[in-house]
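Chains A and B, in that order, give the protein sequences. The first sequence begins at 1 in the working numbering and counts up by one. The second sequence begins at 255 in the working numbering and counts up by one. Where a beta carbon is used, it is the ideal one built from N, C-alpha and C, also for glycine. Everything numeric in this text was worked out from a predicted model, so none of it was measured. Read through the structure below, which is laid out as structure tokens, and then see the notes.
There are 2 protein chains.
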Amino acid sequence: MQKIINTQITPLQNHLLAVLPDEVKERLFPFVELVKLELGEVMYEAGDKLANVYFPVDSIVSLLYVMASGASAEISVVGNEGVVGIALFMGGESTSSRAVVQSAGYAYRLKGKRLTEEFHRHGKLLGLMLRYTQSLITQMSQTAVCNRHHTIDQQLCRFLLLSLDRLPDNNLTMTQELIANMLGVRREGVTEAAGKLQKLGVIDYHRGHITVLNRQKLEDLSCECYAVVKKETDRLLPHENEKFYYTSQNVTNL
Amino acid sequence: MQKIINTQITPLQNHLLAVLPDEVKERLFPFVELVKLELGEVMYEAGDKLANVYFPVDSIVSLLYVMASGASAEISVVGNEGVVGIALFMGGESTSSRAVVQSAGYAYRLKGKRLTEEFHRHGKLLGLMLRYTQSLITQMSQTAVCNRHHTIDQQLCRFLLLSLDRLPDNNLTMTQELIANMLGVRREGVTEAAGKLQKLGVIDYHRGHITVLNRQKLEDLSCECYAVVKKETDRLLPHENEKFYYTSQNVTNL
DNA sequence: AGAATTGTGTACGGTATCGAACTGAACAGC
DNA sequence: GCTGTTCAGTTCGATACCGTACACAATTCT
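In structure tokens, the structure reads:
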């Protein structure tokens, strides 16, 4: 992780930061630092005491659970709609999951102490963080049922959609091996599922790069889990001002 | 659900209520009402706006997710260590899961407004509820990976242990059909797994009544998920005073 | 006591996923 | 341009779980 100065990126590109009242922004923004997250980077390990929280801008972070056997599964995913490190303000300081960068990009880092100070002022930040946490809970619940009842094909669609929502365009940089780790299945299973989607003209992929060609079809093929999570997240989190919407235009030269 | 007056039961038998500072107890306890929860009762449906929270005493409540197809899976379980209805103070007011009574018994009900009032005083209750919420998150995460990677046999063990921890003795009142709904598998799968455990002398069961004969063996046969959740819950939640520990003695004549 | 209901046991074919092993192609570094 | 590595495609048998169907026993109802 590398500290960066880049005037093309602003904290407002993270939805949570964007909707804070001006007074909170004034208190927090002087302390946020732009950092670059590399693909595969482990931001914290299960059990680590957290020192910072991260507000992704165009990066995606997976909360990944790794079992004793080495088998793994993604619990939830965080992009520019959220924050990495909720355990910091929830009081536990650490979690039983690992945070790993699933898509390289930028994020704003804030020292845990700064966040908790603001948190305990009991202003708008408290409520916002709690509602975000509830949306994460929704995502985890849905992941649990999805793991139980849906096929790899369906889950791949869900996964791609959740990733897509957090990126500026239709290009995902991720290998089938990575996706397999996230879904907690074999790489071959992903190859097969992705092959079907490719044959249907829904996606196109080559050596770690996936392009979504037909998003609607992807939604049709996905299980209900994607829609449920999206709807609930929209309900729980306020929508920022239109002018702060993340567009591909203001990040082309990252 | 039925309002009850019973001097054998006190709010202190719920761990969360028990560890509150005296001043908070004084403010809240006048408003808690003892209610009886019947087996199978739906406390709230997915999407319902919550009016109350419940602190179980000797009852167990499952947070159950039901899909469009009717298939279901338990997301997490709440007993006398916790509270039902976290969405009330998390700010979402409703959740995408259903709360259903998995083991009949008593609980203390508190009007949501009373709770949120105390919550926003930002005293000890806030931190306690947040840490409890984090322990729930741990449980949900673990459920997600468990669904992905472990056999029905292992999951049954985990399920029985989690239930056992929330009951005063070794007797569970639940049919295999119910367990199947919770685990999100077929009833026959549970019959087979339970049959194995019975053959091993770990449990004994007859028509909706299960007695655990060898808890240690049950833990050995369970996947790691039970231990992980238990350890993390112990870490996150303070232990109450010894004198408030829940013993079978003070509930024999319920 | 007889009938209906509920809880459990069992069986059989079907299938999604696994585990392991190997191939070929694209890319990166030297 | 060659070499090593990464990524994807394919195959094969094994297996955990599913869907369906039915039998039987214990309990409850009438």
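In the structure shown, the three-state DSSP call for Ile-314 of chain B is strand. Annotated three-state conformation of Ser-103 of chain A is strand, per DSSP.
Annotation for His-374 of chain B: no beta strand (DSSP E) segment contains it, and DSSP assigns it neither H nor E.
Looking at A:Thr-138, A:Gly-201, A:Glu-117 and A:Lys-230, the one whose alpha-carbon comes closest to that of Leu-164 of chain A is A:Lys-230. Two segments are said to touch when three or more pairs of C-beta atoms, one from each, lie closer than 8 Å; by this definition the segment 138-148 of chain A does not touch the segment 79-95 of chain A. Residue range 406-418 is occupied by the alpha helix (DSSP H) that includes Ser-417 of chain B. By the CB criterion at 8 Å, Tyr-360 of chain B and Ile-464 of chain B fall outside the cutoff. Annotation for Val-337 of chain B: no beta strand (DSSP E) segment contains it, and DSSP assigns it neither H nor E. The three-state reading of DSSP puts Leu-200 of chain A in coil, since its state is none of H, G, I, E or B. With the rule of 3 Cβ pairs closer than 8 Å, the segment 311-329 of chain B does not count as touching the segment 276-287 of chain B.
Each residue's CA atom was taken as its position, placing Leu-379 of chain B and Ala-300 of chain B some 26 Å apart.
Taking the CA atoms as reference points, Glu-446 of chain B sits about 47 Å from Glu-38 of chain A. Of all C-beta pairs linking the segment 367-377 of chain B to the segment 476-483 of chain B, fewer than three are shorter than 8 Å, placing the two stretches out of contact. Among the residues of chain A, those whose CB is under 7 Å from the CB of Leu-384 of chain B are Met-90 and Gly-91, following chain order. In this structure the segment 388-396 of chain B does not lie against the segment 299-313 of chain B, because fewer than three pairs of beta carbons, one per stretch, are closer than 8 Å. At least 8 Å separates the CB of Met-436 of chain B from every CB of chain A.
Judged by their CB atoms, Leu-88 of chain A and Val-53 of chain A are nearer to each other than the 8 Å cut-off. Against Tyr-319 of chain B, the close residues of chain A are Ser-141, Gln-142, Ala-144 and Val-145, in the order they occur along the chain (beta-carbon pairs closer than 8 Å). Across the structure, Glu-473 of chain B and Phe-29 of chain A are spaced so that their CA atoms are roughly 49 Å apart.
Straight across, the Cα-Cα distance linking Val-66 of chain A with Leu-451 of chain B is about 28 Å. Residues of chain B with a Cβ closer than 9 Å to the Cβ of Val-24 of chain A do not exist; the shortest Cβ-Cβ separation is about 16 Å. Cβ neighbours of Leu-162 of chain A within its own chain (closer than 6 Å, five residues either side excluded): Val-77. By the rule that beta-carbons nearer than 8 Å mark a contact, Ser-103 of chain A does not touch chain B. Assignment of Glu-38 of chain A by DSSP, reduced to helix, strand and coil, places it in the coil class. When secondary structure is reduced to three states using DSSP, Ile-9 of chain A falls in the coil class, being assigned neither helix nor strand. Excluding residues up to 5 positions away in sequence, Ser-135 and Thr-138 lie with their Cβ nearer than 7 Å to the Cβ of Glu-232 of chain A in the same chain.
Sequence-distant partners of Asn-268 of chain B (beyond 5 residues in either direction) whose C-beta falls short of 7 Å from its own C-beta, in its chain, are Phe-309, Pro-310, Val-311, Asn-334 and Tyr-362. In the DSSP assignment, His-209 of chain A is bridged to A:Thr-173 and A:His-206.
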